[in-house]
Amino acid sequence: MTAHLTDLRRDVEDFLYREAKMLDEQRYDEWLALFTADVRYWMPITETREVRQPRDHVPGEWALMEEDSRFLAKRMERLAGGLAHSEQPRSRTRRFISNVLVTPGPDDDLVAESNFIVFQSRRANSEQFFVGSRRDRILTSAEGWKIAERTVLLDHRVLPRAISIFF
Amino acid sequence: MTSISERPVDAAAAGLHDLVKPDEGVVSRTVFIDEAIYRTELDRIFTKTWLFIGHESQLRAPGDYLTNFMGEDPVIATRGADGGIRVMLNSCAHRGMAVCTTDAGTSKFFRCPYHGWTYSNNGDLIGVPRADTVYNGELDKSRLGLKAVPRVEIYKGFIFANWDEDAIPLVDYLGADQLWYLDLAFEAPLGGLEVIGPTMKFRIKANWKLAAENFAGDDYHVLYTHGSAFQIGFLPDYDLLADYIANFDHGHGMGDISKPGRAYQNDVGMAQFLGPEAIEYVAAVRERLQARVSPLQAEMHGLGEGNIFPNLSWIKFGVFHVFGLFQWHPKGPGEMEVWQTAFFDSGAPQSIKDFARTQMSQENAAAGIFGQDDGENFEQITESARGFVSQTRDFNYAMGLGHEGEIQEEGYPGRLGPHFSEQNHRNFYRYWLELMTTPGEQK
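Those protein sequences? They're chains A and B, same order as listed.
One rule links them: number in the working numbering = place in the first sequence (from 1) + 60.
One rule links them: number in the working numbering = place in the second sequence (from 1) + 196.
Laid out in structure tokens, this is it:
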């Protein structure tokens, strides 16, 4: 691997770690600012299929999340409003990001693939892990990096709990 | 000294009639956590009622199959070479292994991973490795097929099954009054309803009945549980959305029923916001409804949400809303697995399909802003049933008691009630009690 790519991966890791820290510390306004205005945030449903009959995630089928920046902002507004009972009080979360791979794009952009484990602890003893991978397209302009596309693939067929946190 | 106990805690000693008193608006917390009552539910409710299995659009071609649950029993539904749909227990007749471990697919046969016993997709045992030698040719394969669910019936594409051979027909169980409303969801689509993606699945550590009774017509909770949706402008003023709830025989109930014309006006308003294609779509659906259902049904235009007893809930507001099904699969008294399937009009313009699909994900789904808050409530209510003293304090379902039957809307079938009433909960538990106190023969 060239020195350039190693440096780039370090920068991407740094970006993703800082993003994870924002979410763990519930700094949602800062987190929202990481996305472009026309971001496509997609978390499709994972299925269990026969080995010989694999089925890809199909864009246009209904998904766990299929958001634009407007609704991501609405979700943050909801959390701030005091009536979002599923996060009132807030969950404690801890995100672990790893296996980062970077593919530079043709322009000022790149594709970052990563794995995650997110621990969620709610109220007294409601605890679960969410495990999966992400594929982000990141615009790397001089004014600051922005996520233009995010695909989240959860490895769970049956989610341990309804989702009230972000990936 | 007065006892803090209003009722003895000993559930085993108390009869179900002491625990559940629908006519007094009282249900003991015990029925939400007791293991013996739960086992009785699996027998007397889940083997006696019509349970949702899937939709014909999921089994289009011979060989297509899907898996589901009936109570805690795993089942496979298949479309056979003859085109017929069958539902059978997903459990090898030899030693019980699941013979199918995937969500859906296409196969002419199912082979048990343990010893390789093989079943055709109509459930017949067609292959037993070395049967001639290890069983001395004496194995009667004809008696060792997958156990078939004896009754399978379809209403407008929706497949239901029932373990009770003597069950009344599906349409009678659903009932003409309830179908008068539900038919709006089935008749409005220009191209028919189709499944729009995989089934969404998640767990809630709560008793299944809490979700079922909620959808049966607990519109009262929307005001506060879903207060955040109003706060961020996701929903209009709730009083502008709907007027009534209604319940039906066999424990079914629904909420968010609107007066004639209201739902159509809401859709017209939404269409103006969405654009010309949406305006045309509302007009096309209205025309179709006027041709296919009664004038009053067409005027009613939109539905609401409801629960088909025991554990199949549905949601369907105006024409821009998907038809969503929720199965609250019981997983022990204190846990359920939610299976959510979404349907939409195959004949709608792509822009409307896109809107309806994303709106449902954001609204009433695993990561939607409604679903997560409901789950939180159901979990904490179930937890509240475990305390010793807590258990002496019955849950209260008294809203509207003594005022049932006071609401009428000319031509609307079912037992109507005001938007905020617990009459539908009482109806749910009345039928629950009837089934739970009716002994059946062992399956």
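Don't be surprised by glycine CBs; every beta carbon is placed ideally from N, CA and C.
Predicted model only: the values in this text are computed from it and were never measured.
Check whether the Cβ atoms of Ser129 of chain A and Val171 of chain A sit closer than 8 Å, and answer yes or no. no
At what residues does the alpha helix (DSSP H) containing Gly451 of chain B begin and finish? Run containing Gly451 of chain B: none in the alpha helix (DSSP H); it sits in the beta strand (DSSP E), 449-453.
Could you compute how far the alpha carbon of Gln486 of chain B sits from the alpha carbon of Glu476 of chain B? 15 Å
For Ile392 of chain B and Arg121 of chain A, believed in contact at Cβ under 8 Å, the rounded distance: The sequence given here places Glu at residue 121 of chain A; Arg does not occur at that position. With a Cβ gap of about 6 Å, Glu121 of chain A and Ile392 of chain B count as contacting.
I want to check one thing, is the minimum distance from the CB of Thr554 of chain B to the heavy atoms of the ligand GTP below 7 Å? Looking for the ligand GTP in the displayed structure turns up nothing, as the structure carries no ligands at all.
Please report the straight-line C-alpha distance between Ala384 of chain B and Val515 of chain B, rounded to a whole angstrom. 8 Å
What distance in whole Å lies between the Cβ atoms of Met632 of chain B and Ile241 of chain B, which are believed to be in contact at a cut-off of 8 Å? 7 Å
Mind pulling the chain B residues with CB within less than 9 Å of Phe190 of chain A? Within 9 Å Cβ-Cβ: nothing; Phe190 of chain A doesn't reach chain B, min ~11 Å.
Less than 8 Å between the beta carbons of Gly413 of chain B and Tyr627 of chain B, yes or no? no
Considering only C-alpha positions, which residue in the set B:Asn592, B:Phe265, B:Gln568 is nearest to Ser224 of chain A? Ranked by Cα distance from Ser224 of chain A, the first of B:Asn592, B:Phe265, B:Gln568 is B:Gln568.
Please list, in chain order, all residues of the same chain as His311 of chain B whose beta carbon is under 7 Å from its beta carbon, the five residues on each side excluded. His290, Pro325
In three-state DSSP terms, what is Met496 of chain B? helix
Same chain only: Cβ atoms within 6 Å of Arg488 of chain B, ignoring 5 sequence neighbours per side: Glu383
Using a Cβ-Cβ cut-off of less than 8 Å, give me the residues of the segment 302-321 of chain B that come near chain A, in sequence order. Contact residues of the segment 302-321 of chain B toward chain A are Thr302, Ser303 (C-beta to C-beta distance below 8 Å).
What does the Cβ neighbour count give for Thr66 of chain A, buried or exposed, with the cut at 16 atoms within 10 Å? exposed
Scan the segment 136-165 of chain A for residues whose Cβ lies nearer than 7 Å to a Cβ of chain B and list them as they occur along the chain. When C-beta distances to chain B are compared with 7 Å, the residues of the segment 136-165 of chain A below that value are Glu137, Arg138, Gly141, Leu143, Ala144, His145, Ser146, in chain order.
Contacts of Met396 of chain B in chain A (Cβ-Cβ under 7 Å): Near Met396 of chain B (Cβ distances below 7 Å), the residues of chain A are Ile105, Leu124.
At a CB-CB cut-off below 7 Å, which residues of chain B make contact with Arg109 of chain A? Neighbours of Arg109 of chain A across chain B, judged by C-beta separation under 7 Å: Thr298, Asp299, Gly301.
With a CB to CB cut of under 6 Å and the five nearest residues on each side skipped, what residues in its chain are close to Pro170 of chain B? Since the first and last residues shown for chain B are 197 and 639, residue 170 of chain B lies out of range.
Taking Met556 of chain B as the query, report the chain A residues whose CB atoms sit under 7 Å from its CB, ordered along the chain. Here the neighbours are Trp122.
Pairs of beta-carbons, one from the segment 254-266 of chain B and one from the segment 363-372 of chain B, closer than 8 Å: are there three or more? no
Where does the unbroken beta strand (DSSP E) through Trp313 of chain B begin, and where does it stop? From DSSP, Trp313 of chain B is part of no beta strand (DSSP E); its letter is neither H nor E.
Element boundaries [alpha helix (DSSP H), containing Gly465 of chain B]: 458-470
7 Å Cβ cut-off: residues of chain B touching Phe131 of chain A: Those are Gln558, listed as they occur along chain B.
Quick check: the segment 173-186 of chain A against the segment 144-162 of chain A, are there 3 or more CB pairs under 8 Å? yes
What does the alpha-carbon distance come out to for the pair Asp550 of chain B and Asp167 of chain A? 30 Å
Which class does Val534 of chain B belong to by DSSP, given the choice of helix, strand or coil? In the structure shown, Val534 of chain B adopts extended strand secondary structure according to DSSP, grouped into three states.
Does the beta-carbon distance from Glu600 of chain B to Lys401 of chain B come in below 8 Å? no
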